[in-house]
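Contents: one structure, followed by commentary.
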């Protein structure tokens, strides 16, 4: 059995997940770090630290980044990760499961 994470390890893991969410959203939407920096008013260096899980950003700066990304802050800082919950699409062949599944996966990110 794995030992529980220390408070410091939990904080580091949270920041890493936050950074991963920002980086994933940015790359999936074809946005460079420079473009996100300009849109949010947050420096590229700070964004790089955030994406690396090293930036313990203030709530107000995180709000600027979220707004520039067009998402709510709560979506970036949520504790549960929707990607960890599998979803099965059942139906008839040719009913559009592949198309719907791809759109659903994108919406859950």
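Numbering (my numbering), first residue to last: 261 to 369. Cβ coordinates follow ideal geometry from the N, Cα and C atoms, glycine included.
The three-state reading of DSSP puts residue 329 in helix, counting H, G and I together. For residue 309, the uninterrupted alpha helix (DSSP H) run begins and ends at 304-311, by DSSP.
In the structure shown, the three-state DSSP call for residue 277 is helix. If you look at residue 358, you'll find it in the alpha helix (DSSP H) that goes 357-368. Annotation: the continuous alpha helix (DSSP H) that includes residue 300 extends over 293-300.
Here the alpha carbons of residue 290 and residue 314 stand approximately 23 Å from one another.
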